[in-house]
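Only one structure is covered here, and it is reproduced in the block below.
The following block contains the structure:
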């Protein structure tokens, strides 16, 4: 039955095998494809079509084995029930860029010998305990081991294997983070500092850059550098809501504690995030003061505040979200103010339409001016929607109002355009 | 597979460039005593305070590589084993070696905390009314035809009794200090307030026209032509013509707290529960009936949701006595559980228009969580019930003893 299964698979493997003969013409041109010789002509099948040349133009034909043909021959000579022989062939196929054939062979080997280390490794599998796992499953297992405190096996076996098998750069960064975290939890503070430093660089240089990871890692480096003995002094209990909510969950008391404990590292990061939030709030206050008289300077301050809040969010996810919502809300309020002023101008012009006896030219000019006002308000509303959509839960009212107003404005614009067309 | 090889190469390059990374971030710091420090921290974490102290002191006194940062472990171990005087000494040692502002601030706070803890438990303050004997009470009930004025740092007191004017000025300063320093956690109040003590309810209402009919005191804050007037009106005597001690004990600090909050919040609306809760906290003696009522209500079927309490307005409050008790209980809970700085930040966030749960989360510098409102309500309800049950148990003990 095993042999029957092999045969089925191998037919699939061999189906793609094609010849690669070399046809050399007297004018020096060379073609590589499948050559067939006829009475007066030589025909060569190429990937893009078939060419036919008179025999007289042909200098020579080199009939060659393609890698596929060679593979077929080797396969015929290989014992299909010998996993090691199949493995050698799969390795050879891999070197000849026959990755699909190699992959199929590795699959066959694992059917013969489920624990074949070479085949598993070639397929990017990682051994954790007695199990061979794919990269994602192995990464999850590794995280579990970290939580369980199995640092030695992680550092000595699992993480080096994961490092070697990481299929993408993002996954390589994840493994690096896990490595740094494991070093930290196993109290190898100087190693952890070095790995987090490398990680910050790698994350910054990644395409696209993993900015949050780079920021977080760089801050951890600073924290570890300032506390080389791995001791951090907490000013408040952590998580901060624990004393308020009488939380029964594990929490850290104020005072000295080891950075090897994840909650202590989180508390240290939160202290840094707090500084960023305080700096951001100062910019926000300055922006608020500037907004009525100098909106451009206010916007610069808002941007600076947002940078601080982004850094804080990189350290502790969503810690500054409420403040970022504040920025959006204030910007929306300022835009609303502009839009309201525009709406008042529009209403004034609308009033003139009804009461003044106008020349057709003046009437048209007025309509065009009204359309201009509506367009300007429409742009404001679109910007409001764009801003509010980033925080749909918090800015639900702003979003709904802007959407409703936009619908109204589109309808009004259509009516005015119709009136303008009618008057022409 | 080719891609995999590419990323392995990238990874190897990144790992191989360790020296480059180190050059960018500076050489990783190495501390030779890290192992011993970690051991001491583990003992501290495990509650083995004597061992933690021994291990930390060994690091400090090491002849090769002394690490004075370990004084923090010694201090914490002593503090957690309730040896506050020795803990304060260790914190001072840590303070002298700490190079980080946060660590220094922490040491200063802990020295203060340990010093306070090391003192004998202070006697609870006596309310001003209880300090007065029968002669004083009779004296303070007298009403002269003349109006006497007495001034202090923040107050100008007018009353038809010279002793009363003086007493009110003194007690007003005491109450203001408690409100600003303790309740509002360091709020300034650089203003002057006029306090008028009217002989009876009739004259009080004739002069304090904004005060509700049932009230025995009131405050007003008005501004005209850049001139701000701050005023508190009080009643000297009760319906029986006796000196109203409640005026000193409760009405004066209560109204003063409203006035300070009015100043603090400016044009922004101060939620009713917060305004009344803080004003009740300002009173010079805790009214246990409020605590018991709040606990009973929260535990009963008629309990109202915290959300309803936080959003209540003067005109839509049902069962005002229960609402006031719940407001007091919730504000006292928040005040007791948050640090002074956190409570001040909380007030600032409410002033900026934040909802209560949002204001608390911002003051704690924590990511906003959807479940926080419910968690806060549960924690407060548990607190209210526990406080109430404690008082009920005390009352039961007293009855049994009698």
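Protein chains in written order, with the working numbering: chain C, 225 to 648; chain V, 124 to 525. Think of the CB as a built atom: it goes at the ideal place given N, C-alpha and C, for glycine as much as any other residue. Predicted model only: the values in this text are computed from it and were never measured.
For residue 316/C, the three-state secondary structure derived from DSSP is helix. Nearest C-alpha to residue 415/V among 350/V, 456/V, 514/V and 240/V: 514/V.
Nearest in C-alpha terms to residue 280/C, of all of 432/C, 630/C, 526/C and 249/C, is 249/C. Spanning the alpha carbons of residue 386/C and residue 332/C requires a straight line of approximately 24 Å. In terms of beta-carbon proximity, residue 328/C stays away from the interface with chain V, with every pair separated by 9 Å or more.
When DSSP states are grouped into helix, strand and coil, residue 287/C belongs to the coil group.
Around the beta carbon of residue 599/C, a 10 Å sphere encloses fewer than 16 other beta carbons of the protein chains shown; the residue is thus reported as exposed.
Bounds of the alpha helix (DSSP H) holding residue 383/C are 383 to 389. Straight across, the Cα-Cα distance linking residue 171/V with residue 479/C is about 15 Å. In terms of beta-carbon proximity, residue 153/V lines the interface with chain C, with at least one pair separated by less than 9 Å. For residue 196/V, the C-beta contacts it makes with chain C under 8 Å involve 455 and 480, in order along the chain. In this structure residue 347/C does not touch residue 370/C by the C-beta definition: roughly 25 Å separates them, more than the 8 Å allowed. Residue pairing by DSSP puts residue 455/C in a beta bridge opposite 482/C. Not a single C-beta of chain V is nearer than 9 Å to the C-beta of residue 295/C. In the three-state DSSP reduction, residue 278/C falls in the strand class (E or B). Per DSSP, reduced to three states, the secondary structure at residue 295/V is helical.
Using a C-beta cut-off of 8 Å, the segment 497 to 514 of chain C makes contact with the segment 523 to 532 of chain C, since at least three inter-stretch Cβ pairs fall below that distance. Distances from the alpha-carbon of residue 374/C to those of 344/C, 391/C, 409/C and 360/C put 409/C closest. Sixteen is the threshold: since fewer than 16 other Cβ atoms of the shown chains lie within 10 Å of the Cβ of residue 596/C, the residue is exposed.
Here residue 266/V is actually not in contact with residue 273/V; their C-beta atoms are around 16 Å apart, not less than 8 Å. With a threshold of 9 Å between beta carbons, residue 389/V makes no contact with chain C.
Under the 10 Å beta carbon count, residue 516/V is surrounded by fewer than 16 other beta carbons and is classified as exposed.
Taking 8 Å as the Cβ-Cβ cut-off, the segment 400 to 428 of chain V has no residue approaching chain C. When the beta-carbon positions are compared, residue 312/V and residue 383/V come within less than 9 Å of each other. Neighbourhood of residue 450/C in chain V, by CB distance below 7 Å: 223, in chain order. Residue 317/V has 279/V and 354/V as its beta-bridge partners, per DSSP. Apart from sequence neighbours up to five positions away, the residues of its chain that approach residue 320/C with a beta-carbon distance below 6 Å are 291, ordered along the chain. Contact holds between the segment 379 to 398 of chain V and the segment 439 to 453 of chain V, because three or more Cβ pairs, one in each stretch, are under 8 Å apart.
Assigned with DSSP and collapsed to three states, residue 272/V falls in strand. Residue 444/C and residue 413/C do not touch by the CB rule: their CB atoms are close to 11 Å apart, not below 8 Å.
With a threshold of 16 other beta carbon atoms within 10 Å, residue 304/V falls short and is exposed. Those residues of the segment 487 to 499 of chain C placed with their C-beta closer than 8 Å to a C-beta in chain V are 494, 495, 497 and 498, ordered along the chain.
Against chain C, the CB of residue 341/V has no partner CB under 9 Å away; the residue lies outside that interface. If you check the CB distance, residue 217/V and residue 195/V come in under 9 Å.
Around the beta carbon of residue 223/V, fewer than 16 other beta carbons lie within 10 angstroms, which makes this residue exposed.
Three or more beta-carbon pairs separated by less than 8 Å are not found between the segment 491 to 506 of chain V and the segment 466 to 476 of chain V, which leaves the two stretches without contact.
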